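Residue numbers (this note's numbering): 1024 to 1291. Don't be surprised by glycine CBs; every beta carbon is placed ideally from N, CA and C. In this text, all values refer to a predicted model and were calculated from it rather than measured experimentally. Right, one structure below, let's go through it.
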């Protein structure tokens, strides 16, 4: 208990951790020091949680959270996600690695359908897009390997660090539908396919929920399970997806500006 609570505070000289005048009154009340079942949580001296439920005047509804959210892009059309074939003999492909933030850079011969480059499910190469959510802008399109989806698409407004909308799917129709669900919710984690939709709304900045933590945990577990039912072989498909737009971690990532090579430090 001392190693976790007291030593770091003393070492970094933080004004927390002790019930004394002048310190921040952030603390928990537990049932005992063996099981650590939390009975109450206080922030700045105010009771904010009791017996697992949030309490207090700080609670806000969805409408109140719109002031800290920014979604200024319009709904998209399926044709917005078309990737025209331009005589390329090979295309760069991001290789997602399970449980890791880095990616590998691969090259594949493009699969062409009606003059457009499309995903190649046989090789587990799927289309991935990043949509700027702060204003209307051209959609960045690339391809990614190892997400494993066989049906539908997944999308999220949690996409480090700019937190635009990122989506991956088996076809443009599914990707478009998933992106539009995120836009309609002004932030969400989404999975759809086989005639079913799972949506976890994130109304606070497009990053957080205003619902009870237990409900959010259950909803996230359900949507994670559904993504795996759609074929994803990743341990945490949405966590992996959220880092596919983080350019500072190599080797190949996709931002709203396009595909970025972290080794050469340039857009491709």
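Pairwise C-alpha distance: residue j and residue i
i: residue 1032; j: residue 1068; result: 19 Å
i: residue 1051; j: residue 1204; result: 38 Å
i: residue 1226; j: residue 1039; result: 30 Å
i: residue 1245; j: residue 1099; result: 26 Å
i: residue 1323; j: residue 1248; result: Limits of the chain in this structure are 1024 at one end and 1291 at the other, which puts residue 1323 out of reach.
i: residue 1105; j: residue 1224; result: 27 Å
i: residue 1232; j: residue 1182; result: 16 Å
i: residue 1146; j: residue 1174; result: 14 Å
i: residue 1121; j: residue 1276; result: 15 Å
i: residue 1271; j: residue 1054; result: 44 Å
i: residue 1285; j: residue 1195; result: 27 Å
i: residue 1047; j: residue 1066; result: 8 Å
i: residue 1028; j: residue 1266; result: 31 Å
i: residue 1076; j: residue 1235; result: 7 Å
i: residue 1058; j: residue 1030; result: 21 Å
i: residue 1136; j: residue 1111; result: 14 Å
i: residue 1061; j: residue 1237; result: 14 Å
i: residue 1064; j: residue 1258; result: 32 Å
i: residue 1242; j: residue 1037; result: 36 Å
Residue i - DSSP class collapsed to helix/strand/coil
i: residue 1050; result: strand
i: residue 1027; result: helix
i: residue 1033; result: helix
i: residue 1139; result: strand
i: residue 1235; result: coil
i: residue 1246; result: helix
i: residue 1144; result: helix
i: residue 1085; result: Because the pLDDT of residue 1085 is 49, which lies under 50, any placement of that residue in the model is unreliable, and the question is left without a value.
i: residue 1150; result: strand
i: residue 1260; result: helix
i: residue 1276; result: strand
i: residue 1265; result: helix
i: residue 1100; result: coil
i: residue 1060; result: coil
i: residue 1039; result: coil
i: residue 1240; result: helix
i: residue 1078; result: coil
i: residue 1073; result: strand
i: residue 1271; result: coil
i: residue 1110; result: coil
Cβ-Cβ distance between residue i and residue j below 7 Å
i: residue 1096; j: residue 1159; result: yes
i: residue 1149; j: residue 1170; result: yes
i: residue 1163; j: residue 1281; result: yes
i: residue 1179; j: residue 1264; result: yes
i: residue 1260; j: residue 1125; result: no
i: residue 1268; j: residue 1189; result: yes
i: residue 1201; j: residue 1212; result: no
i: residue 1113; j: residue 1199; result: no
i: residue 1093; j: residue 1157; result: yes
i: residue 1187; j: residue 1279; result: yes
Best match in the options for proximity to residue i [C-alpha to C-alpha]
i: residue 1127; options: 1137, 1133, 1116, 1134; result: 1116
i: residue 1176; options: 1155, 1218, 1184, 1271; result: 1218
i: residue 1103; options: 1124, 1076, 1153; result: 1153
i: residue 1049; options: 1070, 1251, 1202; result: 1070
i: residue 1172; options: 1037, 1075, 1255; result: 1255
i: residue 1167; options: 1208, 1077, 1058, 1192; result: 1192
i: residue 1155; options: 1283, 1060, 1110, 1206; result: 1206
i: residue 982; options: 1093, 1025, 1110; result: Nothing in the structure corresponds to residue 982, since the chain is present only between 1024 and 1291.
i: residue 1109; options: 1133, 1047, 1034; result: 1133
i: residue 1253; options: 1065, 1079, 1144; result: 1144
i: residue 1220; options: 1037, 1240, 1197, 1094; result: 1197
i: residue 1229; options: 1237, 1258, 1184, 1241; result: 1184
i: residue 1107; options: 1262, 1072, 1141; result: 1141
i: residue 1210; options: 1091, 1257, 1129, 1291; result: 1091
i: residue 1123; options: 1288, 1241, 1262, 1290; result: 1262
Heavy atom of the ligand PLP within 6 Å of residue i beta-carbon
i: residue 1143; result: The model depicted lacks the ligand PLP and carries no ligand whatsoever.
Q) What residue ranges within the stretch 1154-1230 form continuous alpha helix (DSSP H) runs of no fewer than 4 residues, ordered along the chain? A) 1195-1207
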